[in-house]
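Chemist:
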Amino acid sequence: MTTLQYVEFELHIRPQGLQYVSTLVRSPVGKARASFRPPVDPKDLGALRDAVEKAMLYARAAPRRSRPPEIEQVRRFGQELFDALFDGSLRGAFEESWKQAQQTEQGMNILLDLPPSLLPLPWEFLFDTERGDFLVLSRYSPIVRYTTIKQPRRVSLHTGWPLRIVLVLATPQADAKYAPLDVKQEYERIRAALGSLIQMGAVQLDVVEGANTLRKLVARLRSKPYHILHFVGHGGFDPVAEEGALVFEDEQRQGQLIGSQSLGRLLRDAHSVRLVFLNACRGTVADETDPFSSAASGLVRVGLPAVIAMQFEISDAGGVSLAREFYAALSDGLPVQAALGEARKALAVECPDSLEWATPVLFTHLHDSRIFEITKGRTVISAPPIGKQSLPALPKDRMRSPVIAPDGKTMVYVPKGPFFYGPDAKMREAGGFYMDQWPVSHREYGRFLKESGHGKPPHWPEKARLKEMAEHPVTFVSWHDAQAYAGWAGKRLPKEVEWEKAARGDTDARLWPWGDKFSPECANTQESHIEGTTPIGQYPSGASPYNLFDMAGNVWEWTASDFDDEGLKVQRGGSWFDPADQARCTSRSGAPPDGAYEDVGFRCVVDAPPRQRDKR
49 MTTLQYVEFE LHIRPQGLQY VSTLVRSPVG KARASFRPPV DPKDLGALRD
99 AVEKAMLYAR AAPRRSRPPE IEQVRRFGQE LFDALFDGSL RGAFEESWKQ
149 AQQTEQGMNI LLDLPPSLLP LPWEFLFDTE RGDFLVLSRY SPIVRYTTIK
199 QPRRVSLHTG WPLRIVLVLA TPQADAKYAP LDVKQEYERI RAALGSLIQM
249 GAVQLDVVEG ANTLRKLVAR LRSKPYHILH FVGHGGFDPV AEEGALVFED
299 EQRQGQLIGS QSLGRLLRDA HSVRLVFLNA CRGTVADETD PFSSAASGLV
349 RVGLPAVIAM QFEISDAGGV SLAREFYAAL SDGLPVQAAL GEARKALAVE
399 CPDSLEWATP VLFTHLHDSR IFEITKGRTV ISAPPIGKQS LPALPKDRMR
449 SPVIAPDGKT MVYVPKGPFF YGPDAKMREA GGFYMDQWPV SHREYGRFLK
499 ESGHGKPPHW PEKARLKEMA EHPVTFVSWH DAQAYAGWAG KRLPKEVEWE
549 KAARGDTDAR LWPWGDKFSP ECANTQESHI EGTTPIGQYP SGASPYNLFD
599 MAGNVWEWTA SDFDDEGLKV QRGGSWFDPA DQARCTSRSG APPDGAYEDV
649 GFRCVVDAPP RQRDKR
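Okay, so the sequence shown: first residue is 49 according to my numbering, each after it adds one.
Structure (structure tokens):
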């Protein structure tokens, strides 16, 4: 699917006396300005909200013979709001911008920078009589709640499959203040909704639930670079703290109210998280005097690229449909606002008399709303078998004996020559180097720390635990840490083409180092149910054609190669945390070089002396 591009139509709206002034600051046709008064006082939204929620209840109940009157009430409100906002010169600018967007086959990103007093208005009901529909029911005319912040976080747009989603299910079972949630059923519904995406490798879904939900989430965000945080639970506005909040669970499974400021602190340093999806009621409610006090806008304030929150309650069926269609469109490569538009349309078609499509609200500080550029297959997890393609077996005289490096590690020779590279098995040339036979262990890394004075990685084991973990691959090492070790040892990190040659060999396009059929006896992956690393070399039957161990599973391994032009570094091999499909010889992952994760380690290479290199 071709990535949809947008022209920007950015409105800054501010109060002026009894009216509001709307200033067009960015558009294809320049600037404009107009005054307006909303058709409903934001303080008197109770009747409109009741109408919306009644329509939702009607639509999800037994089929009706006639359209509920609330639908027409909401449509009239949307039309009046549209006519009030796009008045005078703004109407002409809107029409001309829309025309130019259509001529260039682009959408028009409608960005609303709103004052606190107008935040409660459901702007998603803007209804254009010229086009005969609500604007947001097209991916070409999304409405985005936009705000500027002083220090926006640099966002790496490029990513590949899978989209990594951490799902938080929070229901304080021992707290009578909160209605019980069937989290098991909720998880099954969401997993079923995303089932086809998970199976095809487009989405990876990990769940956090139960007591100490917040602490578990913190640990999970440290362990792996997730792209999306999806929260299911209770939410609202805390009048004491005067901020929006989400309800997590404490040790006793009582409700633990976490405000937007605390949530922001938690997610501020989670640079891989680009979207927070809050399936919690009233995640958009804020204090009238502070536009950033809602749970959603508070997260945007600290630099989160985008947040989707609910301005009305949504049914279970609606929530599942919304998640399914949104993530399907997102994984297809659509921008987040377009993906949300596709989900809205699906809800509207599925239940024509429901207004649930207006429930989600998109918040962002990015004027183009771009948080992803997804390339299908960039992280390859489901490459098909290549068939009977093969190369002749290596002559025995090209195989070299292993050597012992100065750091004490055994290194195996990988000869120079062609091999099948990538999921499409294109011929590449690589080799002429020695590679560590197994990843660097805690024992070996400990020697490096002692002799070099390099700082310990986070979560370095205590003395007793270190003895137990001595022969396990070292983890929580950043790319810079791995580079430092390699320099100390007189080695270097492998390029990813070198890594794949070492894992795959050069006689066929096998899927895993040992062949085309996966076996839990060959690698430590999610299928092993070990939930942690294993000692290096524990899976001899999973050795690569060059007798290299743990090239699949156990830990991802840093390479010297760039994943994209945003500074991410390539990791190869999969880990104990991942399913077998992500441990294939062609699987790739990208992470920031200063990241340190519980399932990422490394091994090194050294170029063979010139006299030993193959000259074929």
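Where is the CB? At the ideal position from N, CA and C, for every residue including glycine.
All values derive from a computational prediction rather than experimental measurement.
I'd like to confirm the pairing. Which residues does DSSP put opposite I419 in its beta bridges?
Modeler: For I419, which the question treats as bridged, DSSP gives no partner whatsoever.
Chemist: Please classify I158 as buried or exposed, where buried requires at least 16 other C-beta atoms within 10 Å of its C-beta.
Modeler: buried
Chemist: According to the Cβ coordinates, are V255 and L215 closer than 9 angstroms?
Modeler: yes
Chemist: Would the segment 377-387 and the segment 407-419 be scored as touching if the rule is three or more Cβ pairs under 8 angstroms?
Modeler: yes
Chemist: Mind checking which residues open and close the alpha helix (DSSP H) that includes T261?
Modeler: 261-271
Chemist: Are the CB atoms of E579 and K272 nearer to each other than 9 angstroms?
Modeler: With respect to K272, E579 sits apart: the two C-beta atoms are not nearer than 9 angstroms.
Chemist: Who does I213 pair with in a DSSP beta bridge?
Modeler: Note: I213 sits in a beta bridge opposite L253, I276.
Chemist: Just confirm the distance between the C-beta atoms of T582 and N602, as a whole number of angstroms; I'd bet it's less than 8 angstroms.
Modeler: 6 angstroms
Chemist: Would the beta-carbon of A343 fall within 9 angstroms of that of L311?
Modeler: yes
Chemist: Excluding the five sequence neighbours on either side, which residues of its own chain have a C-beta within less than 8 angstroms of the C-beta of L326, listed in chain order?
Modeler: Around L326: F279, G283, L294, A343, A344, V355, I356, A357, M358.
Chemist: Excluding the 5 residues preceding and the 5 following L160 in the sequence, name in chain order all residues of the same chain whose CB lies nearer than 8 angstroms to its CB.
Modeler: A distance below 8 angstroms between beta-carbons, with the five flanking residues on each side excluded, links L160 to the following residues of its chain, in chain order: L59, I61, W171, I191, V192, R193, Y194.
Chemist: What are the boundary residues of the alpha helix (DSSP H) that D391 is part of?
Modeler: Note that residue 391 is Ala in the sequence shown here, rather than Asp. Its alpha helix (DSSP H) spans residues 384-398.
Chemist: If L347 and S308 are in contact, beta carbons under 8 angstroms, what's the gap, nearest whole angstrom?
Modeler: 6 angstroms
Chemist: Check whether the Cβ atoms of V632 and V545 sit closer than 9 angstroms, and answer yes or no.
Modeler: Going by the sequence as given, residue 632 is Arg instead of Val. Taking 9 angstroms as the Cβ cut-off, R632 and V545 do not qualify as a contacting pair.
Chemist: Put K474 into one of helix, strand or coil per three-state DSSP.
Modeler: strand
Chemist: Run through DSSP, which three-state label would E291 get?
Modeler: strand
Chemist: In the DSSP assignment, find the alpha helix (DSSP H) that holds G346 and state where it starts and stops.
Modeler: 343-349
Chemist: Could you say which of A534, E373, A406 lies nearest to A394 if we only look at CA atoms?
Modeler: The candidate whose alpha carbon is nearest that of A394 is E373.
Chemist: Report the rounded CA-to-CA distance for E519 versus R491, giving the unit in angstroms.
Modeler: 6 angstroms
Chemist: Looking only at C-alpha atoms, which of A391, P168, L133, I584 sits nearest to E516?
Modeler: Residue I584 is the option with its Cα nearest to E516.
Chemist: Start and end of the beta strand (DSSP E) containing F481?
Modeler: 481-484
Chemist: Give the C-beta separation of W606 and V648 to the nearest angstrom, bearing in mind that I take them to be a contact with Cβ-Cβ under 8 angstroms.
Modeler: With a beta-carbon spacing of about 7 angstroms, W606 and V648 fall inside the 8 angstroms limit used to define contacts.
Chemist: Do you know offhand how far Q44's Cα is from T177's?
Modeler: What the structure shows of the chain is the stretch from 49 to 664, and residue 44 is not part of that stretch, so it cannot be assessed.
Chemist: Within 10 angstroms of its Cβ, does E291 collect 16 or more other Cβ (buried), or is it exposed?
Modeler: buried
Chemist: For the alpha helix (DSSP H) that contains G243, what are its first and last residues?
Modeler: 243-247
Chemist: Do you know offhand how far S402's Cα is from Q252's?
Modeler: 31 angstroms
Chemist: List the whole-angstrom C-beta distance separating D629 from G243, where the pair is believed to meet the contact cut-off of C-beta under 8 angstroms.
Modeler: Rounded, the Cβ-Cβ distance is 15 angstroms, inconsistent with contact.
Chemist: Taking the alpha-carbon positions, what's the A33 to L185 distance?
Modeler: Absent from the model: residue 33. The displayed extent of the chain is 49 to 664, so no value can be given.
Chemist: Could you compute how far the alpha carbon of F524 sits from the alpha carbon of D564?
Modeler: 31 angstroms
Chemist: Look at the Cβ atom of R81, then the Cβ atom of L66, and state whether they are nearer than 9 angstroms.
Modeler: One thing to note: R81 has its Cβ no nearer than 9 angstroms to the Cβ of L66.
Chemist: Can you list, in chain order, the residues of its chain with a C-beta nearer than 6 angstroms to that of E299? Leave out the 5 residues immediately preceding and following it.
Modeler: Within the same chain, E299 has close Cβ partners A259, N260.
Chemist: Name the DSSP beta bridge partners of M459, please?
Modeler: Answer is V451, D484, bridged to M459.
Chemist: Inspect the CB distances between the segment 502-509 and the segment 524-534 and report whether three or more fall short of 8 angstroms.
Modeler: With the rule of 3 Cβ pairs closer than 8 angstroms, the segment 502-509 counts as touching the segment 524-534.
Chemist: For a test of the three-state rule: what should DSSP assign to K549, helix, strand or coil?
Modeler: helix
Chemist: Helix, strand or coil, according to DSSP, for R316 in the structure here?
Modeler: Helix.
Chemist: I'd like to know whether the C-beta atoms of L217 and A141 end up nearer to each other than 9 angstroms.
Modeler: no
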